[in-house]
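There are 4 protein chains.
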Amino acid sequence: MIPRYARPQMTALWEPEARFKIWFEIEAHATEKLGELGVVPPSAAKALWDWWATNPAIDVPAIDAIEAVTKHDVIAFLTWVAEQVGDEARFMHQGMTSSDVLDTCLAVQLARAADILLDDLDKLLEVIKRRAFEHKFTPTIGRSHGIHAEPVTFGLKMAEAYAEFARCRTRLIAARAEIATCAISGAVGTFANIDPRVEEHVAEKLGLAVEPVSTQVIPRDRHAMFFATLGVIASSIERLAIEVRHLQRTEVLEAEEYFSPGQKGSSAMPHKRNPVLTENLTGLARMVRAYALPAMENVALWHERDISHSSVERYIGPDATITLDFALARLTGVIDKLLVYPERMMKNLDKMGGLVHSQRVLLALTQAGVSREDSYRYVQRNAMKVWESDGQLSLMELLKADPDVAAALSADQIAEKFNLDYHFKQVDTIFARVFGV
Amino acid sequence: MIPRYARPQMTALWEPEARFKIWFEIEAHATEKLGELGVVPPSAAKALWDWWATNPAIDVPAIDAIEAVTKHDVIAFLTWVAEQVGDEARFMHQGMTSSDVLDTCLAVQLARAADILLDDLDKLLEVIKRRAFEHKFTPTIGRSHGIHAEPVTFGLKMAEAYAEFARCRTRLIAARAEIATCAISGAVGTFANIDPRVEEHVAEKLGLAVEPVSTQVIPRDRHAMFFATLGVIASSIERLAIEVRHLQRTEVLEAEEYFSPGQKGSSAMPHKRNPVLTENLTGLARMVRAYALPAMENVALWHERDISHSSVERYIGPDATITLDFALARLTGVIDKLLVYPERMMKNLDKMGGLVHSQRVLLALTQAGVSREDSYRYVQRNAMKVWESDGQLSLMELLKADPDVAAALSADQIAEKFNLDYHFKQVDTIFARVFGV
Amino acid sequence: MIPRYARPQMTALWEPEARFKIWFEIEAHATEKLGELGVVPPSAAKALWDWWATNPAIDVPAIDAIEAVTKHDVIAFLTWVAEQVGDEARFMHQGMTSSDVLDTCLAVQLARAADILLDDLDKLLEVIKRRAFEHKFTPTIGRSHGIHAEPVTFGLKMAEAYAEFARCRTRLIAARAEIATCAISGAVGTFANIDPRVEEHVAEKLGLAVEPVSTQVIPRDRHAMFFATLGVIASSIERLAIEVRHLQRTEVLEAEEYFSPGQKGSSAMPHKRNPVLTENLTGLARMVRAYALPAMENVALWHERDISHSSVERYIGPDATITLDFALARLTGVIDKLLVYPERMMKNLDKMGGLVHSQRVLLALTQAGVSREDSYRYVQRNAMKVWESDGQLSLMELLKADPDVAAALSADQIAEKFNLDYHFKQVDTIFARVFGV
Amino acid sequence: MIPRYARPQMTALWEPEARFKIWFEIEAHATEKLGELGVVPPSAAKALWDWWATNPAIDVPAIDAIEAVTKHDVIAFLTWVAEQVGDEARFMHQGMTSSDVLDTCLAVQLARAADILLDDLDKLLEVIKRRAFEHKFTPTIGRSHGIHAEPVTFGLKMAEAYAEFARCRTRLIAARAEIATCAISGAVGTFANIDPRVEEHVAEKLGLAVEPVSTQVIPRDRHAMFFATLGVIASSIERLAIEVRHLQRTEVLEAEEYFSPGQKGSSAMPHKRNPVLTENLTGLARMVRAYALPAMENVALWHERDISHSSVERYIGPDATITLDFALARLTGVIDKLLVYPERMMKNLDKMGGLVHSQRVLLALTQAGVSREDSYRYVQRNAMKVWESDGQLSLMELLKADPDVAAALSADQIAEKFNLDYHFKQVDTIFARVFGV
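In order, the protein sequence lines correspond to chains A, B, C and D. Adding 390 to a residue's 1-based position in the first sequence gives its number in my numbering. Adding 390 to a residue's 1-based position in the second sequence gives its number in my numbering. Adding 390 to a residue's 1-based position in the third sequence gives its number in my numbering. Adding 390 to a residue's 1-based position in the fourth sequence gives its number in my numbering.
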């Protein structure tokens, strides 16, 4: 966890306090059900919950001190709770194994992390949607291979991003369901010493599904799928970040990360406004993506479990979720405040002197009866002049002045082919598909 | 594509013929709709389908020869079709861009590949299920950290695998939906020169969803999710493969890859039956997993598209699906014919002289009123003797002969703690969860 | 292997013929030494080499047919050779194990692949060097964060690439040494049935080092290092490819991939020259990088060997080397013929009306006794005017006309601060460091 | 950074104090040279070093507080130093850019990290060497595919590990040289405002090489190679860790991670000694390996630099080096104290009733004039009996009693074929190769 790339809510989820609180809830719910089943006295759960109702502080150093002796984190925690609650606490953990607590706790943590990330995505989607409608008909040049192609609108770019992050949202919901399972099944998953109804009870109370079959642990293909999904979401962040970085290039300058009016540019160069936030997002995406790999390597544990996954998860559990939370929030801020320059977009669009419309003219000539070969030659010879003028000449004017073209198309007909609106006639359709309105 | 790791059905999907056939279907369906919309003569589509009804061979070398001149694969194909169909063919591709054909074709190929993989998974699941019920109550030692823990059954191991691959199946269905979309939206996705209803028509005919918003291409987050899912499935293959490899180790030998009775072992050493199929699967899993990464790096294309994703997909499209298809089929064969040795399982289970039951005795002693400390000491001193005998002594017999233990528990009570069935009382519950029966 | 991304020389290395020829050489050299040591008759090696001197064709289908029966590739090959050579051939392979042949063969293949790649790098370096000197003093704007910073020369960009690929060359030489080892040490590497001098002899004859200690196989950390190095080289290819793609963007257009004068642009749009080669290189780099991972996962083979590495190497052995060879050659072609536009570079450099020189003016003012705060204010107010004019105004002219500035600096002094040569005074130094001249 | 997987010396390297100290040294050395060159007064450097000689504490919170205002880390630091040193400090950083400080500092940090890792490797090598000689002739079964093959010695296993980590050491020295370079070249690497001799001076003082050509930053292919090398080293750690995990499996139990005599096993099961340290190392290896990827993705920065690499390095700089340092030290501890059980090794070796020697008998029979087919049949029929007896019968005794075999070989000759020493006759040769003695 890198403090500068971390936000408090997500970070808190991975603090010892949070973990111990979840451990307590698991143990208390289990004890409750064990009481109902007559395995332990019903008073045990009551004692636990009564103490819990006092909202006791978790004394992490005290627990750590016990662990330093017992060399076992769950036992250390149970010992500390017993010191607080008294004799009734000895009934906790009956028939359970440490992994029951640890794995179910991880499920709760990852599910809560997913909830935060879903909230992040909702905020991002909202912002993107606003900018999409704001610029629904703001013309800008579409580029393939980094080269001018045909006109699009900035709103369409935003609509694409919206659709992409809406997909990410759907994926994250599925990924959350993958890891939100509860396993309380004992040393090798056979329920030899604990009734499956305890598992069902704890699962219900914690909002988890029951793990149908566990070994000692919850199977790690679930976590692999979860972290792989985060990697895909990070890749979508990278895509939008790189779009902004491109738009902010000095020669393009169609949009910029927000820069307050009074803010001082780098020294005396007012053009030196760097897209540092989106560059940062590009790097963060690389990290989240990298974490998918060890998660996949974690799947093939030996037999009923080995503990090689544990160290990996100590890294990637916090690192992937905290980084992605930060990145989504940062991206939301970038898009929210993005400075968009429609005039510059139009200027760039016109930069090629109307060449982006050459295809429409070509088509019109053939429809007006000119052979395809001649049509091509007429357009091409004028296009080349525009190109060689570096956009100083206008293709429309040259075409109007070309006798061969003029013989086939009137000046008005030619002018109509340079109408931007022609390209935007389906923007409503696309928006309806993406936003449902 | 490595021939020895490829099966014909999946490989055929990636052959030039298959691709050209899909291209034709896309173009013909589009022409059909363009005819309906009055953009081209209705006779155009008829001419195409009439020719198609003759089941014409695709002359790949002829198309390649045209491409060598035109330097453009889609134009080469259209030219060749026009040569076959005649004049009416000139109406094909009206208002479309090459990527409309290429990306929609890839969607069809990946969707069909997913169908094959789903079929593979069904076959694997069926085989695992059969072996699970066959060995539902075959006792075997459960191992955590590679060390004997408590008893499980071999059927439970199979049930775990079944549940895992059932999850893989669900994931693959979702991944298939991710990539099964159709985009016919023109040069930068604005439908400037083609009606969105063409896209809808082609999508419906090919069994695809409509891509709500495309640029020039279908967004690559879809493909990233698809290949990441294949990577997770591969990791589950690796897990089961490694389980078999472990079981086949000389010292364990609880199961073996099939070896026909007459088959000659490596030279004169009959024990030298190597788990080469599952070792092979371990390696193949590494490859499929590796392909997830470039797929994620493909997401951040520049602006409305760059073509950097294309070369990556030429590799991983075939390589990931062909390899995974082969691996699933190979794994199915391994599990189908796996030689399972229940006697050896029991022998290994007993190897520690009953130490795996020590916890139950410990619990029984405390329940019989012995203090936890004393209980532990009584069990431990006998357990150590068994351990030092390398499993030659029997814990049960030693405990019966231990006066302190005998004072608390009768011989029958002690013997009951060594009852394997105790561990299997929830196997029915687990099977019901996993198999629904 | 994707034919369109493959070149004949490297591909041939991975053909069955090439492999079988290396196998023969290994076996024949080994037999020769065994003859010297008196283990087999000296006539055996003579018979082998005599046959070999006839330059016999390798009948791959015949060998495959034998393998179909024996299920063992090395035995099939030996059988076929015996059929050709006659009785003396039975002394081949004495005391050896298949892996001795397979692993040593792989070493030869990878070493030869490395030689081809080194040759590729030499060609690339030569081309980069030529372009570097050609444009040693061609001014162009340096960009940090995609934003104009200060002037550099295009030759410096090439010098950076040269230095980077020279490092890649050094790395590849080290990587070649990693994998160029010979192991002929028998079933578990103990030389139980073969004299170590056989290994030494074969190593010497094949230009390999002796593997100091092998198990059944050559340790795979060597191969991991080899493929990781290829991944790093691929990343450097990506860097230069992305530089070209940026320079070719419509708004920048400082350089372009070669486009023959007569070549037709995409339809009627002459500006539509896409950097498809470098986009392709970007994708290829992703693949070569991806192959580093399974190579690293191959290291941890079980005990004296398992065969999980083998399938991985069947993919990445050819795929990584063939792809990288192709990519290096393609990049060489791109740089060799790159269209460089110095006028456009100068135009872009001037685009900001001289703002890139503002820092030097600032410094000059402070050195002329103006306070830092005032200096900043004077420069900043003029810089803002230039910025707002979108480069139409000239910073130099505005500064000359600013009374506060003029009070401190003469017009000549101001003009001197806009001298590009100031920035290039160390270009000779840098070139001397990089090229040694 | 995960505290439980971190050691103080390496962690300290990445603390703010350490970073600020290196910054100071860079600035002070640069100022010194600038003084010599007459660019700044020589008194400036003196003032800096005089202050430094007082061994001043670095007030990190104060520097952070300044950064909160200036939004620039290097300026904040310079400001704080100026507050301490006084007026002379204003000459610091003349003509330099922040990256000059940041990148050179990273070079120092990574070089020092490499030194710690090299020291770790030396300690590991020393321990492995000791165990290798201790068990030079301790017989143990060699296993291919997890299946018994032929005898090796435990010392040979250690020798293999020694050779592998010796290679890792060589690689790390090369990787250290990759990143140990100094760049003080100004805003875009042209030395426009700073003399290259300053760079040379600082490099020499800090023990770095001069970066021949930098942009604004040191090129990231260097760092990619560094982190890729760490990934390979981690993979070798994984290999040895997995060897220990295999040896400790209940059924194998040829070695165990250290377990103090008085230490309590998991509950009452003395066999439950889990190889948790090596399982942990397996997971840590996955992490270090994963970090190689974003390092490679960092190479292709845009033009003269973008800052996307920076966030990646904030993670992997500390995480990769701290984790690898911890892992190497942990592995050293594991090997140092590894409990090795020669008796169990021998017992396992004999487990197959001597089948591992069957090949030698086969060869002896053919050398005694028996046809290959008959030899095989004689050995095979006895081997099968041994195999079916699960190692209860002895192959040697059966062969002696087989009339066909006895007709060809005397009892002594047969017995000689079961001599383990036969397999170890080249151990001295191998040790001489690996250890030079």
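Quick reminder that beta carbons are idealized off the backbone N, C-alpha and C, glycines included.
Check your understanding: Which residues of chain A have a Cβ atom closer than 7 Å to the Cβ of D/ASP490, listed in chain order?
Key -> Here residue 490 of chain D refers to the residue found at position 100 of the fourth sequence. None at all; the shortest Cβ gap to chain A is about 16 Å.
Check your understanding: Excluding the five sequence neighbours on either side, which residues of its own chain have a C-beta within less than 7 Å of the C-beta of D/ILE518, listed in chain order?
Key -> In the fourth sequence, the residue the question calls residue 518 of chain D occupies position 128. Counting only Cβ-Cβ distances below 7 Å, and skipping sequence neighbours, we find MET548, ALA551, TYR552, PHE555 and ILE725.
Point to revise | Reference A/TRP692; option with closest CA among B/ALA539, B/TRP404 and B/PHE467 | key: What you label residue 692 of chain A is simply residue 302 of the first sequence in a count that begins at 1. Comparing Cα-Cα distances from A/TRP692 to each of B/ALA539, B/TRP404 and B/PHE467, the minimum goes to B/ALA539.
Practice item. Return the CA-CA distance between D/ARG629 and D/ASP715, expressed in angstroms with no decimal places. Key: Within the fourth sequence, residue 629 of chain D is the residue found at index 239, counting from 1. Within the fourth sequence, residue 715 of chain D is the residue found at index 325, counting from 1. Approximately 17 Å, taken between the alpha carbons.
**Study point:** Within-8 Å CB hit, D/GLN606 to chain C
**Key:** Working through the fourth sequence from its first residue, we reach residue 606 of chain D at position 216. Answer yes: the Cβ-Cβ gap between D/GLN606 and chain C drops below 8 Å somewhere.
Check your understanding: Does DSSP classify A/ARG639 as helix, strand or coil?
Key -> Position 249 of the first sequence holds residue 639 of chain A. Three-state result, A/ARG639: coil.
Review point. D/GLN606 to D/THR494, Cα distance in whole Å?
Key: Locating residue 606 of chain D in the fourth sequence gives position 216, counting from the first residue. Locating residue 494 of chain D in the fourth sequence gives position 104, counting from the first residue. Roughly 12 Å separates the two Cα atoms.
Review point. DSSP beta-bridge partners for C/GLY497?
Key: Here residue 497 of chain C corresponds to residue number 107 of the third sequence, with the count starting at 1. A small fix is needed here, since residue 497 of chain C is Ala in this sequence, not Gly. Note: C/ALA497 sits in no beta bridge, so no partner.
Check your understanding: In three-state DSSP terms, what is A/GLU778?
Key -> Counted from its first residue, the first sequence places residue 778 of chain A at position 388. Correct three-state label for A/GLU778: helix.
Practice item. Give a yes or no on whether the C-beta atoms belonging to B/THR619 and B/LEU562 are separated by under 8 Å. Key: In the second sequence, residue 619 of chain B corresponds to position 229, counting from 1. In the second sequence, residue 562 of chain B corresponds to position 172, counting from 1. Their beta carbons are under 8 Å apart, which means B/THR619 touches B/LEU562 by this criterion.
Exercise for review: Can you tell me which of the three DSSP states B/LEU728 falls into?
Suggested key: For the purposes of this step, residue 728 of chain B is taken as residue 338 along the second sequence, with counting starting at 1. Here B/LEU728 sits in coil by DSSP.
Review point. Considering D/VAL542, what are the terminal residues of the alpha helix (DSSP H) in which it resides?
Key: As a position in the fourth sequence, residue 542 of chain D is number 152, starting the count at 1. Element bounds for D/VAL542: not the alpha helix (DSSP H) but the beta strand (DSSP E), 537-543.
Check your understanding: In chain B, which residues lie less than 8 Å from A/TYR812 when you measure between Cβ atoms?
Key -> On the first sequence, position 422 is the one that residue 812 of chain A refers to. Those are ALA582, listed as they occur along chain B.
Point to revise | Three CB pairs or more closer than 8 Å across the segment 447-466 of chain A and the segment 488-505 of chain A | key: yes
Review point. Are three or more beta carbon pairs between the segment 596-605 of chain A and the segment 576-584 of chain A nearer than 8 Å?
Key: yes
Review point. Three or more beta-carbon pairs under 8 Å between the segment 450-457 of chain D and the segment 466-486 of chain D, yes or no?
Key: yes
Check your understanding: Residues in the segment 497-524 of chain A with C-beta within 9 Å of chain D's C-beta atoms, listed in sequence order?
Key -> none
Review point. Hey, quick one: how far does the alpha helix (DSSP H) through D/PRO406 stretch, first residue to last?
Key: As a working mapping, residue 406 of chain D is identified with position 16 in the fourth sequence. Where D/PRO406 is concerned, the enclosing alpha helix (DSSP H) stretches over 406-426.
Review point. Just the Cα atoms here: how many angstroms apart are A/ARG750 and A/SER765?
Key: The count along the first sequence starts at 1 and reaches residue 750 of chain A at position 360. The count along the first sequence starts at 1 and reaches residue 765 of chain A at position 375. Straight-line Cα distance between these residues: approximately 11 Å.
Practice item. Could you work out which residue in A/MET615, A/ASP509 and A/ASP794 is closest to A/GLU763 when comparing CA atoms only? Key: Within the first sequence, the letter at position 373 stands for residue 763 of chain A. Per the Cα distances, A/ASP794.
Check your understanding: Of all the alpha helix (DSSP H) runs that stay within the bounds of the segment 657-714 of chain B, which reach a length of 4 or more residues?
Key -> 666-680 and 682-687
Point to revise | Extent of the continuous beta strand (DSSP E) run through A/ILE531 | key: Walking along the first sequence from the start, residue 531 of chain A turns up at place 141. 529-534 is the span of the beta strand (DSSP E), which, as asked, contains A/ILE531.
Review point. Listing by chain order, which chain C residues have their CB less than 8 Å from the CB of A/VAL666?
Key: The sequence position of residue 666 of chain A within the first sequence is 276, counting from 1. HIS535, listed in chain order.
Practice item. From the DSSP output, in three-state form, read off C/THR580 for me. Key: Within the third sequence, residue 580 of chain C is the residue found at index 190, counting from 1. In this structure, C/THR580 counts as coil in the three-state DSSP scheme.
Exercise for review: Would you mind giving the Cβ-Cβ distance between A/ASN664 and C/HIS535, rounded to the nearest angstrom? I have them listed as a contact below 8 Å.
Suggested key: On the first sequence, residue 664 of chain A is found 274 positions in, with the first residue counted as 1. On the third sequence, residue 535 of chain C is found 145 positions in, with the first residue counted as 1. 4 Å between Cβ atoms; contact.
Review point. Where does D/GLN782 land, buried or exposed, given buried means 16+ other C-beta within 10 angstroms?
Key: Locating residue 782 of chain D in the fourth sequence gives position 392, counting from the first residue. The residue in question, D/GLN782, is exposed, as its Cβ has fewer than 16 Cβ neighbours within 10 Å.
Check your understanding: Which residues mark the beginning and the end of the alpha helix (DSSP H) in which D/ALA447 is found?
Key -> Here residue 447 of chain D is taken as the residue at index 57 of the fourth sequence, counted from 1. Unbroken run through D/ALA447: none, as it is neither H nor E.
Exercise for review: Tell me, please, whether the CB atom of B/ASN738 is closer than 8 Å to any CB atom in chain D?
Suggested key: Numbered from its first residue, the second sequence carries residue 738 of chain B at position 348. So yes, B/ASN738 belongs to the interface.
Practice item. Inspect the beta-carbon positions of C/GLU422 and D/ARG533 and report whether they are closer than 8 Å. Key: Within the third sequence, residue 422 of chain C is the residue found at index 32, counting from 1. Within the fourth sequence, residue 533 of chain D is the residue found at index 143, counting from 1. Their beta carbons are not under 8 Å apart, which means C/GLU422 does not touch D/ARG533 by this criterion.
Practice item. Classify C/THR487 as helix, strand or coil using the three-state DSSP reduction. Key: Taking the third sequence and counting its residues from 1, the one referred to as residue 487 of chain C is at position 97. C/THR487: coil per DSSP, three-state reduction.
Check your understanding: Excluding the five sequence neighbours on either side, which residues of its own chain have a C-beta within less than 7 Å of the C-beta of C/LYS807, listed in chain order?
Key -> Counting from 1 along the third sequence, the entry for residue 807 of chain C is found at position 417. The answer, listed in chain order, is HIS747, ARG750, VAL751 and ALA754.
Practice item. At 9 Å on the CB atoms, spell out the chain A contacts of C/GLN638, in chain order. Key: Residue 638 of chain C sits at position 248 when you count from the first residue of the third sequence. Those are HIS535, GLY536 and ILE537, listed as they occur along chain A.
**Study point:** Meets three-Cβ-pair contact criterion under 8 Å: the segment 768-783 of chain C and the segment 725-734 of chain C
**Key:** no
**Study point:** Under 7 Å (Cβ pairs) to chain B, residues found in the segment 691-707 of chain C
**Key:** ASP696, ILE697, SER698, HIS699, SER700, SER701, VAL702, ARG704 and TYR705
Review point. Would D/GLY485 pass as a contact of D/ASN583 if the rule is Cβ separation under 8 Å?
Key: For the purposes of this step, residue 485 of chain D is identified with residue 95 of the fourth sequence, where counting begins at 1. For the purposes of this step, residue 583 of chain D is identified with residue 193 of the fourth sequence, where counting begins at 1. Yes; because the gap between Cβ atoms is below 8 Å, this pair is in contact.
Check your understanding: Grouping DSSP H, G and I as helix and E and B as strand, with all else coil, what is B/ALA599?
Key -> The residue labelled residue 599 of chain B in the question sits at position 209 within the second sequence. In this structure, B/ALA599 counts as strand in the three-state DSSP scheme.
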